[in-house]
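Chains as they are written, first to last, in the numbering used here: chain A, -4 to 709; chain B, -4 to 709.
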């Protein structure tokens, strides 16, 4: 297609997950270094003979536990494949946890089961629209909640503000139609902004989106809970635990994998569409019967003056009705060919439906004189008013609750995907690349659930407290991605680029307007959290990237090319070919028992120089130990260190470190006997010298530590 | 002297601390095994040549940091001694903490500074008596608090009950006089009961004493605080923080070491003696002037009937006045020669003074018609009553508070000492043997302070809530140690043994009576905690001992004698002489970078068979890695393991474990590259394969793990 100007291969890679992403292939330059390093390897080849066939039957099967079970299966090319048997935990608690996990999440899936499912339009619409359409359950209410601060007289302003919002929806919708066209392999704001405006803008969009997704879960779940408590006020005190349970359910479902998501989504979204459109039609018919007389809202005293600031705040609050509009652009590759054309069609439908519902609800709220109250949502009031009897009220509430809870699920789909793309660029921990054993991006899912739960508890599950935080992040992403599109069109200058740039420019300008309005007018109500969090997140992303760059610098093969054959000196890294390694083994020995004697035998058998170290609190003890050592035969040179203040670890580590500094050409290996107890409480009964020494020696570069375990009661 | 029937050497060892106690010498049988094992050692002697002189100047001194500093000093016998320089922490936080520690606790002390100070009697009396004498500040009040439950009329019974308590004091005091005579090298209840009645009785006494010492701190500190808040009621709300600060102060003082203890103690105890005796004399003179008329106590309604149970409860509560009477018996070795004789003299004085003060106070409380109240102690009421004007009241209160806070210090002296003796017998963690860098038994001190603080917070710092827990533990120890003495006399049948046995028997019987009374009558008020805790502690002590016995069984040299020369088979332990060790090194490699190449060079240089392991999530990735391996030169055999569910650690550990099971004669060493980051937060950015693999492999016996570190940013 060539429209986007990107390498098609790379683009194709962008949209799908690969389990090999965690192990990226080396560059040709790296391979070259590898070849040169390997050529310098000199070692006696006789040791290549292994004392055991690594694929012998005894190795591949376990007979120890009584029954014969296959652990590894060989294939024709000489590779072993692990069977589920080997993954089974070998402790009782481990097996119990594994069983529970399997019960909740199902058996593990192999990488071959990755779905590259394509969705027809009638399925894609509900799947992608639940987030957007469900926003009307809280968006108009958020707008009226602000307006009513200026008294019930100000509520009349809802109609012109709504008109402004419709313009915004049209502009952003059209704008995204073009993004879908330009980035047919996935047009998420992070990718578009990074590609067109550079990594900083990409990180800005990403920070906005990360916050937005966390808020989507918190807001949708708390609004869904509000829909339920509006219908059943007795449940109101259990709002927070109920919402947390819903988050837990969403997490579990998503950890199980995405296979079932599509079908589950279609029905409730259509159900909601029918219920709400039915509500609007019946409401309008009734209003027409009344000759569209406007009912006076209950008189409410003004607590704030009706100024421009309040109107702008109402506008920004109402704009949360269009959160979720970006869903289609993230998901272009899931459409059937021609993907971008189908995606555009669905996007157009979605925006159309959004506008109809949004306008219908605002008009009906106005005609019926409804005012936001603490214990019942506006939608619930309207439904009760329109359907005073019969099951219809309950149906509308159930549909609303359901679609809101499913809308939260959109974030569970999108945030892990965003984190995956960011991890590929090293801006977030690489763990987010890992496909869990159910092929879900488990780490992203868990982080999202935890963050949303914390937010929900912190705000007591109240939707209206969360709304002020909501608009800033999402409109930051809109603005950056639409601005990026302007840059895109200007750069490529295809046919009609001026018109396209104008459309995206309008979208960008209007989004920026909402962004600034929301940030300024709702700053003190909570938007400051987001205004602070966005730069903080960007900083964090860049710190992570810098660390990974340092790791690459330190461990990458390119650096080896600089090291010459002369061997290491000073604080040089350890040798990279065996003939340069000069060993000295050090064995700390507190007393002579089986564990230490076996450790000494281990070291003695390596045929390398070794030195035993004994730290003694008293001169007499040191002499006594020397005598024991002589009794044993003095097979390894012994150095005793008197520690007059009776500390053990510090002089030991200090001696090893001093040795290392005086002879950086030697590779020092400290071999520590490690007594391993059966029960954790028994650790209190031991000095844990192995752990303490290891922890201390980790601070000193270049010292190899070997643990020689002795298990008790096995 | 030969009176106690114990080996005098062992006895002498009992009373003093040795830094070498943590490293007990081997038995002759162990040395014999050591000689035989050593004789079987066969290895090429050429490797004894070390590549570095272990005492070279460059090793002993650090020049790396810019200035030249000596880390280790050699002596004539070829031993190195660590200098304070080497103990200095090498991280910034470590140095800061070290500096703070030095500021609070003073510089570290060498073992030569252990004081074996002998005290003259006039110094020993206040040092050892503060606990006992301070008990009169709460004991009589505890008795009256019970009696007043039956109404103010019942308070008259305080005189006959006090008479009973005086009999008890005389009996227990005389009893301890004999114990001191029989065990001149330390006659703590744990040692006496263990020696005469067997380890179980010793543990019972120890459990009672452990609880008693913790309660001593909690009760003394809260009673001392009460003496202060009685005088300054404004401080009452800060009771608990104040008491915690006192415990912190006592802990710090004791961690600094015991050197200053004696002098600090003498003054306040004498001050208290003078103040209280003065109070009693003045009170009695005034009463005599009044013709010893008994003032009627304020009428208090009875909330309980006056039965035998209440009287016994009052008796048991009053018996807390004699807690601390055992202090002399623990400390016989600190007296000047002849130790037992001087100790007996001081003990006699102490009991005499106790009886005078106790009787005097009870009589004055009765004559003045004083009744316990919540906001002021009885002693404070009496002092106010006796000295309505002038500074005398304040002086009495200050002396009481001071002596109570110092009484808590007795527990800080005695519990760590008890734990030291128990650790030597392996009933508590060996850590309690460790002399800290200020020569204090730091671990025991810290455990005591934490336990007392927890108790104090749990009971809100209220003395009267803690009292019911108090008597049971201490009278359990009294009973067991006195019963043990009866057994002792019967066993040795020296001159006059019948008389001595009768005296100790009377002490034991009366102590047992108080023990049962306290446990039964105050069971529901809190004594049940102690009644449950004693057997629990005994169980715990025995579990600890069993673990150490198992360790000795598993690691002791005697077990080696059974292993024959044929080498290990099945689940046998690894070989004890080098010629039997057959190596296989395993190197997990995720990708080829500097860290892994250097690890492979390390393993290659050892000249032992090695196998590299690569776990791959996909077939294509496995093939790609094999190709890289070939590019490098295929210097080490490579086994790839496909993990279709994308887990890494489990198949790796499973393969190593299966290898180990199929060939138990091989010593497997897993060499893991370990990337060490600079800041802890960066750990989140790495998979930490090294740690996870090590943790998993620790569960599988007989697998040696080597960490090959690569430091970032050093």
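Just so you know, even glycine gets a beta-carbon here, dropped at the ideal spot from N, CA and C.
Only a predicted model underlies this, so the values are computations on that prediction, with no experimental measurement involved.
Euclidean distance between Cα positions of residue i and residue j
i: residue 177 (chain A); j: residue 507 (chain A); result: 21 Å
i: residue 126 (chain B); j: residue 132 (chain B); result: 11 Å
i: residue 89 (chain A); j: residue 675 (chain A); result: 15 Å
i: residue 536 (chain B); j: residue 204 (chain B); result: 13 Å
i: residue 624 (chain B); j: residue 640 (chain A); result: 51 Å
i: residue 617 (chain A); j: residue 637 (chain A); result: 7 Å
i: residue 782 (chain A); j: residue 601 (chain B); result: A question about residue 782 (chain A) goes unanswered here, because the residues of chain A that appear run from -4 up to 709.
i: residue 547 (chain B); j: residue 590 (chain A); result: 11 Å
i: residue 436 (chain A); j: residue 406 (chain A); result: 13 Å
i: residue 106 (chain B); j: residue 621 (chain B); result: 60 Å
i: residue 45 (chain A); j: residue 583 (chain B); result: 16 Å
i: residue 144 (chain B); j: residue 290 (chain B); result: 19 Å
i: residue 423 (chain B); j: residue 438 (chain B); result: 12 Å
i: residue 79 (chain A); j: residue 93 (chain A); result: 12 Å
i: residue 656 (chain B); j: residue 679 (chain A); result: 30 Å
Strand pairing of residue i, partner residues [DSSP]
i: residue 330 (chain B); result: B:114
i: residue 77 (chain B); result: B:67
i: residue 405 (chain A); result: For residue 405 (chain A), which the question treats as bridged, DSSP gives no partner whatsoever.
i: residue 161 (chain A); result: Residue 161 (chain A) is not bridged to any residue.
i: residue 706 (chain A); result: A:671
i: residue 637 (chain A); result: A:611 and B:76
Residues near residue i by beta carbon distance below 8 Å, same chain, minus five either side
i: residue 165 (chain B); result: 346 and 350
i: residue 310 (chain B); result: 138, 156, 159, 160, 509 and 512
i: residue 28 (chain B); result: 552, 553, 555 and 556
Residue i, buried or exposed, once every other Cβ within 10 Å from all chains shown has been counted against 16
i: residue 316 (chain B); result: buried
i: residue 207 (chain A); result: buried
i: residue 74 (chain B); result: buried
i: residue 370 (chain A); result: exposed
i: residue 22 (chain A); result: exposed
i: residue 115 (chain B); result: exposed
i: residue 48 (chain B); result: exposed
i: residue 330 (chain B); result: buried
i: residue 98 (chain B); result: exposed
i: residue 565 (chain A); result: Model confidence at residue 565 (chain A) stands at a pLDDT of 46, short of 50, so the residue's coordinates are unreliable; what they give is reported in the following sentence. Classification for residue 565 (chain A): exposed.
Neighbourhood of residue i by C-beta distance below 7 Å, restricted to the same chain and skipping five residues each side
i: residue 403 (chain B); result: 211, 212, 215, 216 and 245
i: residue 328 (chain A); result: 10, 180, 181 and 334
i: residue 520 (chain B); result: 463
i: residue 440 (chain B); result: 246, 249, 250, 407 and 411
Chain-order list of residues whose beta-carbon lies under 6 Å from that of residue i (same chain, five-residue window excluded)
i: residue 445 (chain B); result: none
i: residue 266 (chain A); result: 394
i: residue 191 (chain A); result: 479, 482 and 483
i: residue 710 (chain A); result: Given a span of -4 to 709 for chain A in the structure shown, any question on residue 710 (chain A) remains unanswerable.
C-beta neighbour in chain E for residue i, strict 9 Å
i: residue 242 (chain A); result: Of the protein chains in this structure, namely A and B, none is chain E.
Residues, ordered as in the chain, of the segment 201 to 215 of chain B that lie near chain A by beta-carbon distance below 8 Å: none
Give, in chain order, every residue of the segment 577 to 589 of chain A whose Cβ lies closer than 9 Å to some Cβ of chain B. 577, 578, 579, 585, 586, 587, 588 and 589
Proximal residues, the segment 421 to 445 of chain A versus chain B, C-beta separation under 8 Å: 424, 425, 426, 429, 430, 431 and 432
If you measure beta-carbon to beta-carbon, which residues of the segment 393 to 418 of chain A are closer than 8 Å to chain B? none
Using a Cβ-Cβ cut-off of less than 7 Å, list which residues of the segment 627 to 640 of chain B approach chain A; keep chain order. 627, 628, 630, 632, 634, 635, 636, 637, 638, 639 and 640
By the 7 Å beta-carbon criterion, what residues does the segment 319 to 345 of chain B contribute toward chain A? none
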